[in-house]
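Participant: Supplied in structure tokens, the structure appears directly below.
In the working numbering, the protein residues as written are 0 to 333.
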């Protein structure tokens, strides 16, 4: 081939390469030629005031959910879950622990003023203790596994390491999913068995006005459940119902109605959970170190007669009239 032909060939190749180099960016820009749609923030600004709106693209697969590009409400939910939820949980749980510690240091343990009598009265039968401990045991595991979701990465992960944290979280997840069902059963049983003894009345208002025997001196009259125990009962029943409904939707998200509805139930589940943990911490305190003789009620089911007279005098009087208490033929002490 003559030298001129070689030069023309090389020159043609060079010009062709330059043409392709300039043409590539130009063709790439044809994907989105509209200048007003190149910034994500402009999409988000257009969707303000409509939390159910979302940005969608075009897809060729059957799953229409895959077309969602942006859902602004998801950002709000993430901010709540990673910010507000953590603060609410910390205030509720740590706040209650601090309050109970301060109360114990200030008030000390509530003693049986008349001392143990040596006689007992049946407080709860075997079935009542079974449903209480069934619900309590499930709640403890559910609470710990649930708190791991909110606080685990910040508190537990640095202590045990990634692998151990992963193993713990997997076990916690399955425990949470399966123990939810006996917990719901326990809540339903407690409602059916104890509702008759937990209807609020004037005697409960007088109990609160007198400080419940914890603040101040003396113990105000109370029936089988005093005002404080009725508050615990309704908090557990109503809170347990909210956890049950929201938990079922979280376990079966297809029934929740959509992503926004699922986020709503997730928020309900989280907030109610940490509030219930705080309430149960107070319940555990009173039932153990906070009050002498209280644990026997759910331990053996038998409580000291002097303890019962001090904290539930009206109930003891009713039991004496029915012949179910020691000294049934005697006038009960108020």
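By construction, the Cβ of each residue, glycine as well, lies at the ideal position given by its N, Cα and C atoms.
Report the three-state DSSP secondary structure of residue 62 (helix, strand or coil).
Facilitator: In this structure, residue 62 counts as coil in the three-state DSSP scheme.
Participant: On a CA-only basis, which of 297, 315 and 298 is nearest residue 305? Give me that one, please.
Facilitator: For residue 305, the nearest C-alpha among the options comes from 315.
Participant: For residue 155, which residues from the same chain have a beta carbon less than 8 Å from its beta carbon, with the 5 sequence-adjacent residues on both sides left out?
Facilitator: 147, 164 and 167, listed in sequence order.
Participant: I want to know whether the segment 76-96 touches the segment 183-190 - three or more CB-CB distances under 8 Å.
Facilitator: In short, these stretches do not touch, since the Cβ pair count stays below three.
Participant: Check for me: the beta strand (DSSP E) holding residue 398 runs from which residue to which?
Facilitator: For the chain, the structure presents residues 0 to 333; residue 398 sits outside this window and is missing.
Participant: Quick check for students: name the residue ranges of the alpha helix (DSSP H) that lie wholly in the segment 87-153, counting only runs of 4 or more.
Facilitator: Segments of the alpha helix (DSSP H) lying fully in the segment 87-153: 125-150.
Participant: List the endpoints of the continuous alpha helix (DSSP H) containing residue 286.
Facilitator: Run containing residue 286: 258-286, per the alpha helix (DSSP H) assignment.
Participant: Candidates 250, 144, 276 and 275: which alpha carbon is nearest residue 265's?
Facilitator: Nearest C-alpha to residue 265: 250.
Participant: Which parts of the segment 189-270 are runs of the alpha helix (DSSP H), unbroken and 4 residues or longer, counting only runs that do not cross its ends?
Facilitator: List check, alpha helix (DSSP H) in window: 201-208 and 226-250.
Participant: Express the C-alpha separation of residue 216 and residue 180 in angstroms, rounding to a whole number.
Facilitator: Roughly 43 Å separates the two Cα atoms.
Participant: List in chain order: all unbroken beta strand (DSSP E) runs of 3+ residues lying wholly within the segment 157-181.
Facilitator: None, since the segment 157-181 contains no complete beta strand (DSSP E) of that length.
Participant: Counting pairs of Cβ atoms below 8 Å between the segment 273-291 and the segment 229-236, do you hit three or more?
Facilitator: With a cut-off of 8 Å, the segment 229-236 and the segment 273-291 count as touching, because enough Cβ pairs lie within range.
Participant: Quick one: give me the first and last residue of the alpha helix (DSSP H) that residue 293 is part of.
Facilitator: First-last for residue 293: undefined, no H or E at that position.
Participant: At which residues does the alpha helix (DSSP H) containing residue 313 begin and terminate?
Facilitator: Segment 312-320, the alpha helix (DSSP H) holding residue 313.
Participant: Return the residue from the list 299, 273, 139 and 321 that minimises the CA-CA distance to residue 83.
Facilitator: Nearest C-alpha to residue 83: 273.
Participant: Express the C-alpha separation of residue 143 and residue 263 in angstroms, rounding to a whole number.
Facilitator: For residue 263 and residue 143, the distance between alpha carbons rounds to 22 Å.
Participant: In its own chain, which residues sit with a C-beta less than 8 Å from the C-beta of residue 189, not counting the 5 before and 5 after it?
Facilitator: Cβ within range, chain order: 130, 131, 134, 232, 235 and 236.
Participant: Per the contact definition of three or more C-beta pairs closer than 8 Å, is the segment 217-225 in contact with the segment 252-260?
Facilitator: Cβ pair count under 8 Å is below three, so no.
Participant: Give the C-beta separation of residue 226 and residue 203 to the nearest angstrom, bearing in mind that I take them to be a contact with Cβ-Cβ under 8 Å.
Facilitator: Yes, they are in contact, since the Cβ atoms of residue 226 and residue 203 sit about 4 Å apart, within 8 Å.
Participant: Can you tell me the Cα-Cα spacing of residue 170 and residue 150, whole angstroms?
Facilitator: Answer to the nearest angstrom: the Cα atoms are 16 Å apart.
Participant: With 16 as the cutoff for other CB atoms within 10 Å, does residue 198 come out buried or exposed?
Facilitator: It is exposed - the Cβ of residue 198 has fewer than 16 other Cβ atoms within 10 Å.
Participant: For residue 284, does the count of other Cβ atoms within 10 angstroms reach 16, so buried, or fall short, so exposed?
Facilitator: Classification of residue 284: buried, given that the 10 Å Cβ count is 16 or more.
Participant: What is the DSSP secondary structure of residue 323, reduced to helix, strand or coil?
Facilitator: In the structure shown, residue 323 sits in coil (DSSP, three-state: anything other than H, G, I, E or B).
Participant: If you run the structure through DSSP and keep just helix, strand and coil, what is residue 74?
Facilitator: In the structure shown, residue 74 sits in a helix (DSSP, three-state: H, G or I).
Participant: Rounded to whole angstroms, what is the Cα-Cα separation between residue 105 and residue 289?
Facilitator: Residue 105 and residue 289: Cα-Cα distance of roughly 12 Å.
Participant: Going by the CB atoms, is the gap between residue 247 and residue 120 shorter than 8 Å?
Facilitator: Their beta carbons are not under 8 Å apart, which means residue 120 does not touch residue 247 by this criterion.
Participant: Taking the alpha carbon of residue 108 as the point to measure from, which residue in 86, 267, 173 and 293 has its own alpha carbon closest?
Facilitator: Cα-wise, what sits closest to residue 108 is 293.
Participant: State yes or no: is the C-beta of residue 309 within less than 8 Å of the C-beta of residue 318?
Facilitator: In this structure, residue 318 does not lie closer than 8 Å to residue 309 by Cβ.
Participant: Check each candidate in 287, 243 and 101 and name the one with the smallest Cα separation from residue 176.
Facilitator: Checked all of 287, 243 and 101; the closest Cα to residue 176 is 243.
Participant: Using the rule of at least 16 other Cβ atoms within 10 Å of the residue's Cβ for burial, across every protein chain shown, is residue 60 buried or exposed?
Facilitator: Answer is exposed; the Cβ neighbour count stays below 16.
Participant: Since I believe residue 140 is in contact with residue 96 (beta carbons under 8 Å), could you give me their beta-carbon distance rounded to a whole number of angstroms?
Facilitator: The pair is not a contact, with the Cβ atoms about 19 Å apart (cut-off 8 Å).
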